[in-house]
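If you're matching them up, the sequences are chains E and S in order.
Numbered per the working numbering, the first sequence finishes at 106, counting up by one with no gaps.
Numbered per the working numbering, the second sequence finishes at 325, counting up by one with no gaps.
Shown next, in structure tokens, is the structure this report addresses.
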Amino acid sequence: MKEVKISDLIGTPNAILHKFGLQVFETVSQHISQNEQVTLSFEGLRNITSGFCNASIGNLYSNFKEIAHQLKLVGLENKPIWKEKVQDAIDLATNPQKVKNQNEAISELFT
Amino acid sequence: MAFQTLDINELDPQIEPLYFCDANVWIAALKFYGIGDPAKEEKPYIDFVEAVVNLNELKDPEALKRIKNKPKFVITSMLLSEIINAFMRKVAMKTYFADKFTKGLDFKSAYRDNPVSDYNKQLNNLVTDIIAFKDYTILMDDNFCSLSPFEFIAELDSKMDFNDRYYFEFLKSKNIPFVTHDKDCHFDGVKVITSQVKLLHKRKY
């Protein structure tokens, strides 16, 4: 079982950028590709955002069908808002039409 | 002071200590899905926000000596209100109703007060995303009275809405640059940072 501690990987307790989420995605996906079990730790973080969760957890769920059996999330105990963000990322990953709708609505703000 | 419009793609964020980002810039940065590339209009702003955060996260003492500023994002009450309202009305509601069905729907009855809609979840997600940026922001009072609102509301027209004009007066008084993609934000006396072609084109004339 590999353990990936997010705060150590991204070098900050603020997991707020999608770039940080992609760092997590790339690291975890390497282990998953080798059929390893991974524990992803949220311990030591002070803040997380939807963008981070989408780029990390959402991306993993989009790319690996069996991810739920290989990935264990820890450090979310007593963090209901974080749990909800993670669950939203998983839900969005399985609903690309919703992502498309949201992206289009944001793009309209720039027209 | 003349019009000063800077291309966000060529800007080094460390040159200024403070930035004021328009509501749509915040929404793009907060809500970019994170998989694949963002739309080309949004990318420079997302990259900019990311660069500011990265400057704040610098820990190498040598790198810290070389930078001029660890810039912060300025947030006022009106900006916060605009981010929340614009997102909930123009993004969250449209996403929930799949965009094309929102025409003619009343925001309050169809979405906000609808017990089966995802309004509360989206709102909670948005505000916690905003709060997550608190280490990189500075809250400022709007100084409403000192901005002489009765003078500038008399000058409003079809090309300048109240909020934009209010931001202009506020930013001018504080000498804070405005990061925006709004083509109408051509301000004399406020530095504008943008990738908006129409604004960048105007600086040549």
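We treat Cβ as the ideally placed atom computed from N, Cα and C, and that holds for glycine.
If you're wondering where the values come from, they're calculated on a predicted model, not measured in any experiment.
Task: S/Thr248 at chain E interface by Cβ criterion, 8 Å - done: As a position in the second sequence, residue 248 of chain S is number 128, starting the count at 1. True, the Cβ-Cβ gap to chain E drops below 8 Å.
TODO: Kindly confirm or deny that the stretch 256 to 272 of chain S and the stretch 56 to 66 of chain E touch, where touching means at least three C-beta pairs closer than 8 Å.
DONE: no
- [ ] For S/Glu275, decide whether its Cβ has a neighbour in chain E, counting only Cβ atoms nearer than 8 Å.
- [x] Reading the second sequence from its first residue, position 155 is the one you call residue 275 of chain S. Not closer than 8 Å to any Cβ of chain E, the Cβ of S/Glu275 fails to qualify, so no.
- [ ] Run down chain E in chain order and give the residues with a C-beta less than 7 Å from the C-beta of S/Ala230.
- [x] Residue 230 of chain S sits at position 110 when you count from the first residue of the second sequence. Per Cβ cutoff of 7 Å: no residues; S/Ala230 is ~16 Å from chain E at best.
- [ ] Output, in chain order, the set of chain S residues within a Cβ distance shorter than 8 Å of E/Ser102.
- [x] Stepping through the first sequence from its first residue, residue 102 of chain E is reached at position 107. Neighbours of E/Ser102 on chain S, chain order: Ala159, Glu161 and Glu162.
Task: Closer than 8 Å to chain E by CB, S/Phe152 - done: In the second sequence, counting from the first residue as 1, residue 152 of chain S sits at position 32. By this cut-off, S/Phe152 is an interface position.
TODO: Drop a sphere of 10 angstroms on the beta-carbon of S/Cys265, count the other beta-carbons inside from all chains shown, and report buried for 16 or more, exposed for fewer.
DONE: Along the second sequence, read from residue 1 onward, the residue named residue 265 of chain S stands at position 145. That one is exposed.
Task: Other residues of its chain near S/Lys143: CB distance less than 7 Å, five sequence neighbours each side excluded - done: Locating residue 143 of chain S in the second sequence gives position 23, counting from the first residue. In the sequence as presented, Lys is not what sits at residue 143 of chain S; that position holds Ala. Excluding positions up to five away in sequence, the list reads Leu199, Glu202, Ile203 and Ala206.
TODO: Output yes if chain E places a C-beta closer than 8 Å to the C-beta of S/Glu182; else output no.
DONE: Taking the first residue of the second sequence as position 1, residue 182 of chain S is located at position 62. Not closer than 8 Å to any Cβ of chain E, the Cβ of S/Glu182 fails to qualify, so no.
Open item on the list: Please list the terminal residues of the continuous alpha helix (DSSP H) segment that includes E/Gln97.
Closed with: By 1-based counting over the first sequence, the position of residue 97 of chain E is 102. From DSSP, the alpha helix (DSSP H) with E/Gln97 extends over Pro91 to Glu103.
Task: Which listed residue (S/Ala149, S/Gln124, S/Ile187 and S/Trp146) has its alpha carbon closest to that of S/Asp132 - done: As a working mapping, residue 132 of chain S is identified with position 12 in the second sequence. For the set S/Ala149, S/Gln124, S/Ile187 and S/Trp146, the Cα lying nearest the Cα of S/Asp132 is the one of S/Ile187.
Open item on the list: Our contact map puts S/Phe298 next to S/Phe152 with C-beta atoms below 8 Å; I'd like the distance itself, whole angstroms only.
Closed with: Reading the second sequence from its first residue, position 178 is the one you call residue 298 of chain S. Reading the second sequence from its first residue, position 32 is the one you call residue 152 of chain S. Contact flag wrong, Cβ pair sits at about 21 Å.
Task: Which of helix, strand or coil DSSP assigns to S/Met208 - done: Start at 1 with the first residue of the second sequence, and residue 208 of chain S comes out as number 88. The answer is helix: DSSP assigns S/Met208 an H, G or I state.
- [ ] Answer with buried or exposed for E/Gly53, where buried requires no fewer than 16 other C-beta atoms within 10 angstroms of its C-beta.
- [x] As a position in the first sequence, residue 53 of chain E is number 58, starting the count at 1. E/Gly53 comes out buried.
Task: Beta-bridge pairing of S/Ser124 - partner residues as DSSP gives them - done: For the purposes of this step, residue 124 of chain S is taken as residue 4 along the second sequence, with counting starting at 1. The sequence given here has Gln at residue 124 of chain S, not Ser. According to DSSP, which records beta bridges pairwise, S/Gln124 is partnered with S/Lys311.
Open item on the list: Would E/Gln18 and E/Leu40 qualify as a contact pair, given that the criterion is a beta-carbon distance under 8 Å?
Closed with: For this step, residue 18 of chain E is matched to residue 23 along the first sequence. For this step, residue 40 of chain E is matched to residue 45 along the first sequence. No, the pair does not count as a contact, with Cβ atoms beyond the cut-off.
Task: Within-8 Å CB hit, E/Gln97 to chain S - done: Here the question's residue 97 of chain E lines up with position 102 in the first sequence. Yes, contact with chain S.
Task: Through-space distance from S/Lys214 to S/Ile195, alpha-carbon basis - done: Working through the second sequence from its first residue, we reach residue 195 of chain S at position 75. Working through the second sequence from its first residue, we reach residue 214 of chain S at position 94. Distance between the alpha carbons of S/Ile195 and S/Lys214 is about 26 Å.
Open item on the list: Closest to E/Asp86 by C-alpha separation, out of E/Glu31, E/Leu55, E/Pro75 and E/Lys(-3), would be which residue?
Closed with: The sequence position of residue 86 of chain E within the first sequence is 91, counting from 1. The option with the nearest alpha carbon to E/Asp86 is E/Leu55.
TODO: Could you tell me which residues DSSP puts in a beta bridge with E/Ala10?
DONE: Reading the first sequence from its first residue, position 15 is the one you call residue 10 of chain E. Answer is E/Ile43.
TODO: Within 10 angstroms of the Cβ of S/Ala274, are there 16 or more other Cβ atoms? Answer buried if so, exposed if not.
DONE: Within the second sequence, numbered from 1, the residue matching residue 274 of chain S stands at position 154. S/Ala274 comes out exposed.
- [ ] Answer with yes or no whether the minimum CB distance from E/Lys14 to chain S is below 8 Å.
- [x] Translated into the one-based positions of the first sequence, residue 14 of chain E becomes position 19. Yes - at least one Cβ of chain S is within 8 Å of the one on E/Lys14.
Task: C-beta contact flag for S/His321 and S/Glu161 at 8 Å - done: For this step, residue 321 of chain S is matched to residue 201 along the second sequence. For this step, residue 161 of chain S is matched to residue 41 along the second sequence. No; because the gap between Cβ atoms is not below 8 Å, this pair is not in contact.
Open item on the list: For a contact defined as C-beta to C-beta under 7 Å, what are the partners of E/Lys80 on chain S?
Closed with: To locate residue 80 of chain E, count along the first sequence from 1; it is residue 85. Ordered by position in chain S, the residues that pass the 7 Å Cβ test against E/Lys80 are Asn245.
TODO: Could you tell me which residues DSSP pairs with S/Tyr139 in its beta bridges?
DONE: Counted from its first residue, the second sequence places residue 139 of chain S at position 19. For S/Tyr139, which the question treats as bridged, DSSP gives the partners S/Phe193.
TODO: Answer yes if the stretch 25 to 39 of chain E comes into contact with the stretch -4 to 16 of chain E, meaning at least three C-beta pairs across the two stretches below 8 Å, and no otherwise.
DONE: yes
Open item on the list: Applying the 10 Å Cβ sphere with the 16-neighbour rule, what's the burial state of E/Val69?
Closed with: Position 74 of the first sequence, counted from the start, is the residue given in the question as residue 69 of chain E. Counting Cβ neighbours within 10 Å, E/Val69 comes out exposed, since fewer than 16 surround it.
Task: Cα-Cα separation between S/Lys292 and S/Asp261, rounded to whole angstroms - done: The residue you call residue 292 of chain S lines up with position 172 of the second sequence. The residue you call residue 261 of chain S lines up with position 141 of the second sequence. S/Lys292 and S/Asp261: Cα-Cα distance of roughly 14 Å.
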